[in-house]
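Contents: one structure, followed by commentary.
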Amino acid sequence: MEIQELRNLRELLNASLEADLAILNVNVLDPYMVEFRLTDMTIHQGKIIAMKALRAKKILDAQGKYACPLLIDAHMHIESTTVLPSELNDFLIPRGVGMLIADPHEIANVAGLTGIDFMLDASENLDLDVRVMLPSCVPATAFEHAGATLSADDLRPYLSHPRVLGLAEVMDKDAVRYDEDMLYKIGNARAMGKNVDGHGANLDIDDLDLYSAMGINSDHECVSAEEARERVRRGFYVFMRQGSVADNLADLLPAVTLKNFRRFCFCTDDKHPDDLLDHGGGDAAVKKAIQLGMDSAVALTMATHNAATCYRLASKGALSPGYDADFFLFRDLNDLSAELVVKSGEIVAENGRLTHPTRRDFPVPDSLANSVNFAPFSEKDLAIWLYPNRKAHVMNLHAGNVLTTLTIEETRVDEEGFFQVDVSRDLAKLCVIERHHHRGNIGCCPIRGFKLTSGAIASTVAHDSHNLVVVSTNDADVLAAALEIKRIGGGYVVVEDGKVLASVPLEIGGLLTAKPLNQSLASWRKLHEAFAKISDADDFNPFLMLSFMSLPVIPDVKCTDIGLIDVARGKVLDIAVYEEEK
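Just so we're aligned: the sequence shown equals residues -5 to 576 in our numbering.
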């Protein structure tokens, strides 16, 4: 603070000057005592200056309503929502969600630094506070081809950006253990006093010790209470995830106690637009925790003060003198529906509506507007040869989880020994087609779990390299789906017998659209209706699930444009299994 600001503050507290706003009779969340306390509060120039009513230009009687700092989503990918930050601003701010800790590694995998620049620009000057963690693994591993490669030298200048908080989810444990450039990425962030987030899927005790020793201090990949405890014992922050595909919150809640809850936060990770519209964002995670029995003051402290502490945001996460006046008022501790939202001391939303328009003036770079660039291919390029026997490695997906398992099964083959889809056994074909630089790489494998009866679904949203991923009952529909994806500039399609049943264009990098969130809802509904015509699956989101089938850092197996990857062993598997294999 400047000396004059301190002088003005002193005069305000001495009642010599008039403050901007005084709020009376408000039950304020106290994250230090972990309770709500009935009090008054005075605000001036965007800051809380007193927990009592001082002389003010405006007086607001809260009539006993609750006040909570704006919620913080501790780890998420804006690209998974398929809309721009301005749209998220309009949707999340009226719900009391005020900050996203965003990792733009999806768009960075497509367009490199251009993608990061675009996301920083598109999230500037919003009421929604978008803080960025720099993508640590572009590409995620050496077992795929992305649109870009980012080194420590590429990322280093961005660590000085005022909204960059550090290095995002470090997911390649082999790189942490052996790669020199990863050391520099981590070391550069630590040298700047920035955070380093982890991605701890399937890490053993030795891996956890390595991550902790290297200064990686958070993880959002816990799927059990014991995994959460192991991380907390090492000083990690555990981000309890309530996303559209991976929803681990209920399984992790038993790990949270009054002794350790300071090490827990909430995150959405990947939130699909229809789920976002139906249930909300980070606010939905907090509500679910409360519904499952967590004390509301504990849950809201985790969603605010804990996250702010984790990311060293000194003026966020509490309603105390010296903190930013960012909060929402609500009536019901179980519902949390925001009636009034205040950002920097100004009312920005009332009863679910913004009080002023949102900035939308940002250019889209050519590399993001024209991002679907796969080499020409034919049905022959999709063939899986199993000669001399019928046994194959099969990827199996499981509803509600992005983990997959590997089985060895006897499959149908044609007279030449090529794998044939068998819908009676829920065996389809998964194809991953490189779409950034006309490389011509295509990886294919048998897959079970989508319960397709005909047709194909395809997407350019395919974590993390975002190649074109297709699951199909026949090769002709793979080609038809790919051509439609190219025509619309990326996105999602459902095809049957060569005809496009539905599509959702994502014309920015094959990941995002400039359309408003509510306008895209009809397209998403049609997409799901079209999927229901070609599949018997109804217990998971097929499009989000498809997007994780090519992510080679989540066990047990995934398929990339290189082929079927054994994640734990770090090797490419032959699809054909020979008799001597055990």
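Here a beta-carbon is modelled for each residue, glycine too, at the ideal position from N, C-alpha and C.
Because the structure is a prediction, the values reported are computed rather than measured.
I'd like to know if residue i contacts chain B, where contact means its C-beta is closer than 8 Å to some C-beta of that chain.
i	result
Leu376	No chain B appears in this structure, which consists of one protein chain only.
Less than 8 Å between the beta carbons of residue i and residue j, yes or no?
i	j	result
Leu540	Ile451	yes
Ala16	Asp34	yes
Val126	Ala96	yes
Leu323	Ala56	yes
Gly233	Cys259	At residue 233 the sequence reads Phe, which differs from the Gly that was named. Going by C-beta atoms, Phe233 is nearer than 8 Å to Cys259.
Asn83	Asp115	no
Ile43	Pro267	no
Val463	Ser453	yes
Gly437	Asp568	no
Val292	Asn254	no
Lys59	Val20	yes
His99	Pro129	yes
Glu404	Val388	no
I'd like the list of long-range same chain contacts for residue i, defined as Cβ closer than 8 Å, with 5 residues on each side in sequence excluded.
i	result
Ala422	Val415, Pro440, Ile441, Arg442, Phe444, Leu446, Val465, Ser466, Thr467
Glu(-4)	none
Val547	Cys131, Ala134, Thr135, Met165, Asp166, His193, Ala195, Asp458, Val561
Asp241	Arg235, Gly394
His431	His139, Gly141, Asn367
Asp329	Lys281
Cys304	Ala68, Asn189, Asn211, Ser212, Tyr231, Cys259
Ile341	Leu334, Val335, Thr349
Under the assumption that residue i contacts residue j (Cβ atoms under 8 Å), give the Cβ distance between them as a whole number of angstroms.
i	j	result
Lys385	Val571	4 Å
Val77	Thr401	Not really, about 37 Å apart at Cβ, beyond 8 Å.
Val190	Arg157	About 17 Å separates the two Cβ atoms, so there is no contact after all.
Ala283	Leu247	7 Å
Pro63	Phe321	5 Å
Gly504	Ser361	Not really, about 11 Å apart at Cβ, beyond 8 Å.
Ile110	Tyr152	7 Å
His460	Asn103	5 Å
Phe112	Pro499	Wrong, their Cβ atoms sit about 18 Å apart, outside the cutoff.
Ala456	Pro88	Not really, about 32 Å apart at Cβ, beyond 8 Å.
Leu424	Cys553	5 Å
Leu202	Glu224	6 Å
Phe30	Ile559	About 50 Å separates the two Cβ atoms, so there is no contact after all.
Keeping to the same chain, check which residues put their C-beta closer than 6 Å to that of residue i; ignore five residues upstream and five downstream.
i	result
Phe85	Leu511
Ala13	Leu6, Thr36, His38, Leu48, Ala50
Leu54	Ile17
Leu294	Leu23, Cys62
Ser80	Thr352, Arg354
Ala297	Leu65, Phe260, Val280
Tyr205	Gly192
Leu327	Ser290
Leu94	Asp67, Met70, Val124
The ligand NAP and residue i: does the residue's C-beta get closer than 7 Å to at least one heavy atom of that ligand?
i	result
Phe371	What this structure holds is no ligand at all, so the ligand NAP is not there to describe.
What are the partner residues of residue i, as DSSP defines its beta bridges?
i	result
Trp379	Phe412
Ala496	Val488
Thr36	Ala16, Ala44
Glu29	Asp24
Glu403	Ala386
Glu344	Leu334, Arg347
Tyr231	Ser212
Tyr60	Asn21, Phe324
Asn189	Gly160
Ala96	Met70, Val126
Cys425	Cys438, Val464
Ala50	Ala13
Ser453	Val463, Tyr486
His392	Asn395
Ile101	The partner list for Ile101 (beta bridge, DSSP) is empty, contrary to what the question assumes.
Ala507	Going by the sequence as given, residue 507 is Thr instead of Ala. Looking at the DSSP assignment, Thr507 forms a beta bridge with Val77.
Near residue i, what residues of its chain come up, given a Cβ to Cβ distance below 7 Å and the 5 sequence neighbours on each side ignored?
i	result
Gly40	Asp318, Ala319, Ser338, Gly339
Ala589	Not covered by the structure: residue 589. The range shown for the chain is -5 to 576.
Asp245	Val217, Ser218, Ala219
Gly237	Thr262, Asp263, Asp264, Lys265
Leu0	none
Phe239	Here residue 239 turns out to be Val, not Phe, going by the sequence shown. Here the set comprises Asp264, Val396, Asn535, Leu538, Met539, Phe542.
Met186	Leu153
Pro549	Ala195, Asn196, Leu397, Val561, Ala562
Ala146	Asp175, Tyr178, Lys179, Asn182
contact_flag[the region 403 to 420, the region 346 to 364] where n(CB pairs < 8 Å) is 3 or more: No, they do not touch.
Contact the region -1 to 18 vs the region 277 to 286: 3+ CB pairs below 8 Å: No, the region -1 to 18 does not touch the region 277 to 286.
Cβ contact (3+ pairs, closer than 8 Å) linking the region 59 to 74 and the region 473 to 488: For the pair of segments examined, the region 59 to 74 was found not to touch the region 473 to 488: the number of CB pairs separated by less than 8 Å stays below three.
Sufficient close CB pairs (3 or more, under 8 Å) joining the region 512 to 530 to the region 365 to 384: The region 512 to 530, when compared against the region 365 to 384, does not touch it at the 8 Å Cβ threshold.
Validate contact between the region 172 to 186 and the region 484 to 497 using beta carbons, cut 8 Å, 3 pairs: Contact fails: fewer than three Cβ-Cβ distances are below 8 Å.
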